[in-house]
Amino acid sequence: MCRYLAQLLILIAAVECSGCLSVWGKRHQQKVQDARQLTLSGIDAAHDGEWQLATQLFTAALDRDPNDARTRYHLARALWQLSQREEAIAEMVEATELLRDDPQLYIELGRMYFDDGQLDNAEKWALAAIEIDWRFPEGRHLFGDIQLRRKKYDAALANYHRALAQRPNYIEVQLASAEIYRIKNRPRRALATLESILERDLPAETVHQVNYLKGLAQKSLQRYHEATRSFSKALAHAPENTELLFLIGETQMLEGKFAAAATVTRDGLVIDPENVALKRLLAQIESNQRRLATRGPQRR
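Just so we're aligned, residue 516 is where the sequence shown starts under our numbering, counting upward by one.
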């Protein structure tokens, strides 16, 4: 009798426990569903540039499901946009711990360290991503950027070439490669790289950067008229950029177009009256104008 009573009690306890687990499971499932909905709303807010709202939504989602690596990833990006860099990096570290061996997450974290000037930490995560997939183009891109920042140009270029071997139309890597060619006094190679980029449909910001770099390469080749045109195209995207105004004035002066050079240089000084480089350039242009006036008309 006692034996049967004990078995009955065990059975009742098991049924009650099963019911508790069922209730707990439903509650947990509901929390996860709520968290997903909050995360989706946060992604929409981030897409609209509402970073503060996005942060609040991602945080609320993590209160319900703290082990969702993707939500932590999105929270980190939103915090970064709000210039809360330390908190953003901490969240991205959490994401990499929750979702291990994801090279894309490693690169996101490495890029944050890179942008924050922490090159050693950036290198650690770039190499970790490359170790998972040595052909991963984003890993080679980041590692190349680190080498470029350290002025190790050959190492940077080698990594960029590996990235381009996997993704031939990787525009950011092509731009960085063109910059190295310019630094290493290989303007023709830089120009060829930039011309190939312009064959594609590009966002305005990229076109601006390409034209700026093209102008620098053309200037190095003493193709001053072409350089002036490239800088002028770049200026259309950033009309108050005094560096571009300086470069246009300089290349026009080198062409011998002193009046035009003086005009654009004065335009720059209206924007930044204390700009030392523009003041010196204007003095040089005016000196050339005086010298030309003193010579008088030249016989042909």
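Glycine included, every Cβ here is placed at the ideal spot set by N, Cα and C. Quick caveat, the model's predicted, so the values are computed rather than measured.
Own chain, CB closer than 7 Å to residue i, minus 5 neighbours either side, in chain order
i, result
"A591", "A603, E606, M607 and A610"
"R795", "none"
"S556", "L572"
"A776", "G764, Q767, M768 and I800"
"K729", "L706, L709 and S745"
"L613", "N582, A584 and R587"
"I661", "F629, L634, A637, E638 and A641"
Beta-carbon gap between residue i and residue j smaller than 8 Å
i, j, result
"T743", "E770", "yes"
"G659", "P618", "no"
"Y621", "A637", "no"
"A569", "A561", "yes"
"D580", "K546", "yes"
"L597", "Q567", "yes"
"P702", "L672", "no"
"A691", "L717", "no"
"T780", "L797", "yes"
Close beta carbons around residue i, own chain, < 6 Å, minus the five adjacent residues each side
i, result
"T757", "G783, I786, D787 and N790"
"A705", "A693, Y696, R697 and A732"
"E588", "According to the sequence provided, residue 588 is Tyr. The question's Glu does not apply to it. Within the same chain, Y588 has close Cβ partners A610."
"Q804", "F773"
"T586", "T554, F573, A576 and L577"
"V722", "none"
"L759", "F746, A749 and L750"
Spatial neighbours of residue i in its chain, beta-carbon cut-off 8 Å, leaving aside the 5 residues before and after
i, result
"E687", "H656"
Supposed contact pair residue j and residue i - C-beta distance, whole angstroms, cut 8 Å
i, j, result
"F761", "L793", "6 Å"
"Q515", "R650", "With the chain represented from 516 up to 815, any question about residue 515 goes unanswered, as that position is not in the structure."
"K699", "N726", "Actually they do not touch by this definition, with Cβ atoms about 21 Å apart."
"D631", "R600", "6 Å"
"Y685", "P652", "6 Å"
"D669", "I647", "With a Cβ gap of about 25 Å, D669 and I647 do not count as contacting."
Proximity test, Cβ basis, 8 Å: residue i and chain B
i, result
"A753", "You won't find chain B in this structure, because it holds only one protein chain."
If contact is defined by three or more beta carbon pairs under 8 Å, each pair taking one atom from either stretch, is the region 674 to 682 in contact with the region 711 to 722? no
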